[in-house]
Amino acid sequence: MTTPSTSEIVARCKALYEDLNFTTAREWKAAEAGRKVIGFMPIYIPREIIHAAGMLPLGILGGGDNLEVIHGDAYYQSYICRIPRSTIELGISGRLDFVDGMLFPSICDVIRNLSGMWKTLFPEVYSKYFDVPQTYRDEIGGTFYIGEMTAFMHDLEELSGRKITADDLRHSIDVYNKNRRLVRDLYALRAQKPWQAPASEAYLVIRAGMVLPVEEHSELLEHYIAAAGAEDRPIKDNCRVIVTGMFCEQPPLNLIKSLELSGCYVVDDDFMLVSRWLIGDVPLEGDPIHNLAQAFLHHSESTAAKYEPDREEKGQFLVRAVRRTGAEGVIFASPSFCDPALLDRPMQQNVLAAADIPYIAFKYAENSGQMQPIREQAGTFVDSIKLWSAA
Amino acid sequence: MTLAAGIDVGTGVVKAVVFRVGDGEEDWLSRATLRIRQRDPMALAREAFDQTLEEAGVAEADIDYVATTGEGEAIPFHTGHFYSMTSHARGARYLNPDCRAILDCGALHGRAIITDDPGRVTKYKMTSQCASGSGQFLENIARYLGIAQDEIGKLSVSADDPEVVSSICAVLAETDVINMVSRGISSPNILKGIHLSMAIRLARLLKAIGVTDELIMMTGGLARDEGLLAAMRESLAKMRGVEGEITSHPDSIYAGAIGAALWGAFRSEKLAASGTLLRAS
Amino acid sequence: MKTFVGIDLGSTTTKAVLMDEERQIIGRGITNSRSNYDTACRVAGQEAAIDARFTLFRREFDADGAGQTRVEEFLCGLERSFRLEQFLEQLEDLEQTCLGQVKGERFEKIGDGVRQALGEVFRRLRAEAPAMFAPGAVRKSDFFRDIAGSRYLAVAEEVARDAGLSYDLLLNVYDKSIIAVENRPPSGSLSDKFKRALDRVTAQGMEPGEELIRRVDRALGIELEETYLVGTGYGRVTLPFSKEHIRSEILCHGLGAHMMYPETRTVLDIGGQDTKGIQIDARGIVENFQMNDRCAAGCGRYLGYIADEMNMGVHELGPLAMKSDKPTRINSTCTVFAGAELRDRLALGERREDILAGLHRAIILRAMSILSRSGGVSDQFTFTGGVAKNEAAVRELKKLVFENYGEVTINIDPDSIYTGALGGAEFARRAVEGRMEGLNG
Amino acid sequence: MKPQTIKAQPKDAIKDASMLKQKEMMAKHYDRLSDARENGEKVASTFVPGNLNELLMCFDLVNNLPEVNAIQSGLRKQSGAYIMEAERAGHSEDVCTYVKSDIGMMAKGNIGPNGRKLPDPDVLMLSYTGCFTFMKWFELLREQYKCETIFFQTPYMADGKITPNMIQYMVRQLKEEVIPKLEKVSGVKFDLDRLREYLGKSAKAEDDLVYILKSAKHKPSPIDAYFGGIYYIGPIFGAFRGTDDAVEYYRFLRKEVDQRIAAGLGPVTPDGPMGEEKYRLVVEGPPNYTHFRQFWKMFHDEGATVVASSYTKVGGTYDYGFRHDPARPLESLAEYCLGVYTNRSLPMRIDMLVDHMDEYQADGLVINSIKSCNSFSAGQLLIMREVEKRTGKPAVFIETDLVDPRYFSAANVKNRLESYFQMIEQKRSGASRGAAA
Ligand SMILES: Nc1ncnc2c1ncn2[C@@H]1O[C@H](COP(=O)(O)OP(=O)(O)O)[C@@H](O)[C@H]1O
Ligand SMILES: Nc1ncnc2c1ncn2[C@@H]1O[C@H](COP(=O)(O)OP(=O)(O)O)[C@@H](O)[C@H]1O
Ligand code: SF4
Ligand code: SF4
Ligand code: SF4
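Protein chains in written order, with my numbering: chain A, 1 to 391; chain B, 1001 to 1281; chain C, 2001 to 2441; chain D, 3001 to 3437.
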C-alpha cells in the first residue's frame, strides 16, 4: 500500500472537519453492537478513561462557520460567545443523537452552565460537568481529582456494563502517549519548517483526532508527518508567529488561512489543547489513575483557563514558547466575549512587553465572515516586523 | 532613480499616485481619486492607475514597483502589497515629517497608529464590528439632511449647542438623528454631535495605543473634514493623558497611496540591491 | 358615523386604520415616518380617511348592485385622478421650496441658471405625471418622496448635463427641500380635490351621470366622527396622546393578527428596526414575545441599505433574489456592514442574485432565532410587517419553517403592514365599548 | 410631542429607618478600612459569594470586598469612567465590568465611597465560588498588589448534591492552605472557638434575615425583595456577618417589617411608599446599579413589587435551610460556599425560581440579564422557558449591565416592561371574562 499524499490526507481531514453529522463516529458506533460514544468539549478531559471503557471520545468543538444556527440563539444572548449556541444547535437538530454521553470540562462559567442546560434539555443522556482542581498539591487537589476521575470511571462502567481494569487503563494511556508524541512531532516539524506544514493543514490534521479513533488518528499523523516532511514546498518571506487564545471556540478555517495569506507562519498555537495537554509520556507502571492525576497536576500545559499559583510564573509559558520556536511575535486571537482568554490577555501582554516580544490582538467568532480587518491587522504586524528587522 | 506607483483601494474611494524616488528626493508626479459608489473597485484601480501614468507621462513598463494597499491584495498587476496601517503611517510621515501618531479615518474603519522616531510602526488598533461613527454613516446622515459633502465641515464648525448621538448602532443612531430633526435641532448641531461622538471613539483609539504627547496627523477621506478635526481637538482636550496636537493636510486622503508607493520604492531598491527583483504574479 | 382609529407609528412607516362599529375596516393610510411624528400621524390618518371615502362610495353603490362594472371603472378612475391631484399638489410645493433654496453666495453667479433648470425639471415631471397614474401603471412606491425622488434624480441628471450645471448641486437642492415638503401635511380642502378629480374623470370621457354624482355627494356628506384613537408602535412614547390612548405594539400586533386570521397562534413581524416573535392564544391575547436586542441587524433597514448600495428600490430586491437557486452563505447581518460585504462578494465574482438571496436568508435566519426564543412556531403562523411584502424573504421563511416545524399554515396578507394599526383600532373600539382589554366577542 | 428638556431635579430618595441604619454601618466600615493602616489593622480582599468573614475575623483581618466597591462606584455613577479607564489600559470591552470598574478605580487612586483612599490589601483571599472570573480578577489584583494570595476552590454543585469528596477537598484546603497562610499573614494564631462564636452570631442574624425574606408572602408584601432586598442583604453578605452589629441590624429590620405587615403597608421606595400592589414578581439576575433608582421606579410606577429574587441568594441560600453551624465549623463554611446561588447547577436554579413563584404567589418572572456576567447570564433563556413551562406564568427578559452605564437603555427596558405588564393585565382580564362567561 502506498502512503497517501499530503493533499489526500488534508482532503480527508477537511471532509471530516466539514461533516457536521459526524458520519465517521456514527459508523464506528454502528459497526459493533454495544459501542458507545462520549462527547466532550474543550479544554481537557482524560480521554484514556473513555478509551479504556471501550468507548469513543468525540471532541465537540462547536459548529464552525457552516452551521446555520436557528435554535441556538434562542438559548443565548448576543453577548455570549458562539460555541455553546452552536453546540446546542447540534444537539437540538439531532446531529448528536447518537452520542451516549456528554462531558463539560471545567473551563469557564459558560460551559459550566451548559452542562446544566444539557441535563435539562436532554435528560435521557448521560452528562457530566467534569470538575478539575485548580490547586496542585497532591494531598489536596490530587486527592480531589482522583476522586472525580474515579467517580467518572464508575459512571462509565455503569454505562457500558463492564469493569475497567488497571490494564485497560494502562493500554489506553500507552495508545494516547503515542498519539501525543506524534502531535508533538508535528508541532516540532512545523516550528522548524513552517512552509512544509502550514498551519491550516496542521490544524485539520490534528482536528481529525477529535472524531477518529485514536489508533487511526495516530496512523494518519504518521503519514502526514512523513509526507509533509518529504515534500518540497517553496519558502516564503513570512514572519514566524505564535497564535494564542483559541483554546475553546475555534476560529473559522478561513481565519487561519488569512493569517498565512497576510504573511504569517504560525509556529505554535493553542488549538485543541486536549491533544497535547499532558506534557511528556504518562508512566505506565503503577496506579494508572494516580499517574493521570500526577501528569495533570505537575506536567500539563499552561493556559488562561488555569489558575497560576505563582505570580512570577504568570505568562512565562508564552515567553518560553517564543524562545523555543524562534517566533518573532505573538498574535492574541480570542473569541469575542471569552472571559478566560480576554481577562488573561492583559497579564500575558505585560509579560511579553517586558520580554520585548511584539504582539497584536484581535477577536473573532467561529462564524466570522469578514476576514479583511483581520488580514489587515496581521498584515500590518508582519509588515512592521519585516520592514524593520531587515533594516 | 526608482519609479513607484501606489494604489489604495478603499471601501469608499480608490486613490492612486506615482512617485519618483532617488538621491534623497521624493517627487510626487501624479495622483487620481475615483469614488467607488457601486462600481467595481478592481476596474477602478486600473482606471486610476492609467490616469496617473498618463498624468506623470510614464509608461507602465517604466514603473519599478506597483504597490497596493487597502483592499488591493487581489489586484493582478501589483508588485507587492502593504497593509493599510503600514502605508498610512509612511504617507503621513511624508506629508508631515514631524508626526508620530496617525489617525486614519476612512469610510468604514478608523485606525490609530503610533510610530517611533525612525518611522517604525510600533502599535496600532482599528475600530471593528460596529459601524456607527464611520464616514459612511456621516455621509448617509448628510444626505438625509440634504447637505453636500463639502459643506459638512463648515456647518459643523458653526454649531452652538451640539446634540450628542448616543446610540451604539448606526441604524439606531439614524433614528436618533431623525428624532432630532423632528425636535427642531439644527443641522449644524446634529452634524457636530455626530462629529463629537466619532471623535470620542477615535480619541479612545489613540489613547488605547498609548498616544501621549506625539503630534497626531489625521489621514484618510475624513481628514478633510474640518468639523471632525475641530471635534477631535475638543475631545482630546477633555481626555487626560493625550496632550499632543492634531493636524491634517489637504492631501491626507492620499496618505495610504503615498505610503504604499514610498514603501514600494524602498523595497524595490532593496530587492534590486540583492538582485532578486521579481514581478509578483 | 362612529369610527375608531388605530395608528402605528413605526420606525420607517406610519400606518393608520379606520374601523366602523361593525369591526369592518373602512380605510387604511400609510406614510413615511421619517422626519416629524406629529405630521406622520396626521398624514396617515388623513390618508385613511380618504381611503374611507372610497369605501363609502363603494358601499353606496353596493346597496343596489346596479351597473357594477361601469361603477367600478368610474371609482377606480376617480381614485387614480385623486391621487394624481395629490401628487401634483405636492410637486408644486416641492418646486416652490426648491426655488426658495436658490439663494445665498453659493448661487450668486449661477442662480438664474439653476432656477431655469429647476423649472425645466418640474415641467418634465408634471408632464409625465399623468402617465404614472394611468390605468395599469406600476409605481415604484406609494410615497411621494420615493416617486418624486427617483424621477427627479433621473430627470435632473439629463437637465444638468444639457445645461452644463453640476448634478450634485441640483441633488442638493432637492435633498434640502424634500424634508420640508414632507413635513408639511397636504394642504387644500379634500372636497376640492375630489371635485377636481371628478372633473378629470369627466374630461376623460367617463361621464358619471347625475345619479352617480348624487351618490358620491351623499357619501361625501357622511361625517366621519373620530370616536376613539389608540396609538402604538416604535414611536409611541413620543405620540401626542395620553397614556390611555397608547398600547404596546406587541399587544396590537397580536390582536391585529388574530383579527385577520383567528386561528393564528404565532406572529412574526419584521419592521424597519425590529423583529418581533409573538405567541398568542385563541382570543388574541399575547402569551409570550421576543424582540431583537439593541442591535438592528437583520431588520428591514438592512434591506434598505442593500437597496441603496445596489441602486435599486426595496421592491425590486425580492424579485431579483428569486432568480437565485444557490444562495451565498452570509453570516453577518450587521446592517451597516452589509454594503461592504456585498462589495466584497461582488469583487470575488459572485452573482448579484445569489448574494441577495443569501442576504435574505440571513435575515430570515435571524428571525427564526427570535421565533425560537419566543417559543417556536405553532399553527397557524402569520407573517406581518413591511418585509412580508418581500417574496424572497417569504420563500426562505417558508422553507425554514417547514424544515424546523413541519407543515404549518402560513398566512400573509397583502395588507399585513397594517396589522399593528388594526390591533390599535380594535383596542379603540373596545375602549369605547367599556372593556379595556380582553377577549373579543 | 413633548420635548423632554425640562429635567426636574430628582427628589431626595426616601429611605426607611433600616436603610439609614445600614448606611451608617457601611460608612463606619469604610472609615475603618481607610484608617486600617493607622490603626495597625490588616486588610483582606475577598468576594461576596464564598465570603469567609467569620474566618477572616478570627485573624483580626478587615474585610474589603471589591465587588461591593464596584457596586458603590455604580451607584455613585463613577463606574463608567472607571470602566473606560480599564479598557484604555487594555481590558477588553467584552469582559465583566465589575472587574473593570474595580481595576479602573485602583488606577484612579483607589478612592472609596467615603472619599478616602482604600488601603492596599495585605492578603487576597481568593475564594473561588460560583464564578470563573474571580480567578482572573484576583490574578489581576495580585499583579497590582503583589501580596499573598490564598486560593480556595469550591467545586461546582453540578449534579445538585454535595458529595463527601467535595467537602473533604474544601476542608483540607481550609486546614492545610487557607488557615496556615492566614496565620502567617496576620500573625494571629487560629482559634477554633473564636470561629464557633462568630458562626453562632451569623446563624442568629440569618434567622431574622429569613424571616424578613419570607415576609414577602404577605399581601401586600411589606418588602421589595429585589431592590429593597439589596439593602437587606448588604450586612450579611458583606463584612458584618458574624458580628453583633449584624444581629442587631436584622432584629431592628424585622421589627420594621412587622410594623408594616400590621399596618398592611407595602415597601418604601426611593420615590415614596408603594401604592396598590398590582403585580407580584420574582426576579432573576443582578440589578443595574448605574440607574438603580430609575430602574426601581419603572416597577414602582406600575405597581409592581418584587416578592422574591435570586440575587439575594448570591451570598448564601439561608431561606433554603442553610445556617452557619458552630458545631461543624469548617464543614459548615464549606457547605456555605457550595450552596451559594451561582454555585448551584442550572436545574437547581430553575427549581428555586419555580418554588419562589409558587411560594410567593407571583404573577410572573422578570429576568434581568447582565451583559457582563456569564456566571448568571449563560443559560438564563433556558431558565426562562422552563419556569414558564412549569408555572404557566409569563416571563420577560431584559438586558442591562451591573455597572456599565453604556448598557442601560432606559427606553428599551421600559418598552419591554411596559409591554409585559400590559400583557399580564390583558391575560388577567381575559381570564376573568373567561371565568365569568
Ligand atoms: N471631499 C471630501 N470631503 C469630505 N469627506 C470626503 C471627501 N471625499 C471623501 N470623503 C469621505 O471619506 C471617506 C472615504 O475615505 P477614505 O480614506 O478614502 O476611505 P476608504 O479608504 O475606506 O475608502 C468617504 O466615506 C467620505 O465620507
Ligand atoms: N416590497 C418590499 N420588499 C421588501 N421590503 C420591504 C417592502 N416594503 C417594505 N419593506 C421593508 O419594510 C420595512 C418597513 O416595515 P414596517 O413594518 O413599516 O416597519 P416599521 O413598523 O418599523 O416602520 C422597510 O425597512 C423596508 O425595508
Ligand atoms: S469561548 Fe471562552 S467564554 Fe466561550 S465557552 Fe469557551 S472558554 Fe468559555
Ligand atoms: S448594532 Fe448596528 S452597527 Fe452594530 S452590528 Fe448591530 S446593526 Fe451593525
Ligand atoms: S462574572 Fe458575574 S459573578 Fe463573576 S465577577 Fe463578574 S459580575 Fe460577579
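Glycine included, C-beta positions come from ideal geometry on N, C-alpha and C.
- Under the three-state reduction of DSSP, A/L96 is assigned to coil, being neither helix nor strand.
- With 16 or more other Cβ atoms from the protein chains shown falling within 10 Å of its own Cβ, B/I1190 counts as buried.
- Residue state for D/C3373 is assigned as coil, using DSSP reduced to three classes.
- Apart from sequence neighbours up to five positions away, the residues of its chain that approach D/Y3279 with a beta-carbon distance below 8 Å are E3302, G3303, A3304, T3305, D3363, G3364, F3421, I3424, ordered along the chain.
- Contact check for D/V3282 against D/M3352 fails: the beta carbons are separated by 7 Å or more.
- Under the Cβ criterion of 7 Å, C/L2268 is not counted among the residues facing chain D.
- Nearest neighbour of B/G1227 by Cα position, chosen from B/G1057, B/M1001, B/I1152, turns out to be B/I1152.
- Close partners of C/E2341 in chain A (Cβ separation under 8 Å): G369, Q370.
- For C/K2015, the enclosing beta strand (DSSP E) starts and ends at 2013-2019.
- Chain-ordered, the chain A residues with CB closer than 9 Å to the CB of D/R3142 read R311, K314.
- Under the three-state reduction of DSSP, D/I3103 is assigned to helix.
- Not one beta carbon of chain A lies nearer than 7 Å to the beta carbon of C/R2395.
- Burial state of C/G2209 is exposed, judged by a 10 Å Cβ sphere holding fewer than 16 other Cβ atoms.
- A Cβ-Cβ contact shorter than 7 Å links A/V110 with D/N3374.
- Proximity of the segment 265-274 of chain A to the segment 234-249 of chain A meets the contact definition, three or more beta-carbon pairs being nearer than 8 Å.
- For A/I70, at least one C-beta of chain C is nearer than 7 Å to its own C-beta.
- Judged by their CB atoms, B/G1106 and B/G1010 are nearer to each other than the 7 Å cut-off.
- In this model, D/Q3144 and B/A1101 are separated by some 29 Å (Cα to Cα).
- Secondary structure note for D/N3039: its alpha helix (DSSP H) is the uninterrupted segment 3017-3039.
- Closer than 6 Å to some heavy atom of ligand 5: that does not describe the Cβ of A/C81.
- Taking 7 Å as the cut-off, the beta carbon of D/R3260 is found no closer than this to the beta carbon of D/D3208.
- Straight-line spacing of the CA atoms in C/L2198 and C/Q2204 works out to 10 Å.
- For the pair C/Y2228 and D/D3271, the Cα-to-Cα distance works out to about 33 Å.
- Under a criterion of Cβ atoms nearer than 9 Å, no residue of chain C is adjacent to B/R1224; the nearest Cβ is some 16 Å distant.
- Apart from sequence neighbours up to five positions away, the residues of its chain that approach D/N3288 with a beta-carbon distance below 6 Å are F3295, T3400, F3408, ordered along the chain.
- Residue-level contact check: D/D3120 does not touch chain A, since none of the beta carbons of chain A fall below 7 Å from its beta carbon.
- For B/W1263, the enclosing alpha helix (DSSP H) begins and ends at 1255-1273.
- Taking C-beta atoms as the reference points, D/G3242 and D/N3063 fail to come closer than 7 Å.
- Judged by beta-carbon spacing, D/V3095 lies within the 7 Å limit of A/L343, meaning their Cβ atoms are closer than that value.
- According to the DSSP assignment, D/W3296 belongs to the alpha helix (DSSP H) that extends over 3292-3302.
- Any Cβ of chain C closer than 7 Å to the Cβ of A/D97 would place that residue at the interface, and such an atom is absent.
- Short of 7 Å from the beta carbon of A/A355, and not among the five residues preceding or following it, lie these beta carbons of its own chain, in chain order: V319.
- Judged by DSSP secondary structure, D/C3058 falls within the alpha helix (DSSP H) whose first and last residues are 3053-3058.
- With 16 or more other Cβ atoms from the protein chains shown falling within 10 Å of its own Cβ, C/A2044 counts as buried.
- DSSP, reduced to helix, strand and coil, places A/Q349 within a helical segment of the structure shown.
- As the crow flies, the alpha-carbon of C/G2376 is around 8 Å from that of C/Y2405.
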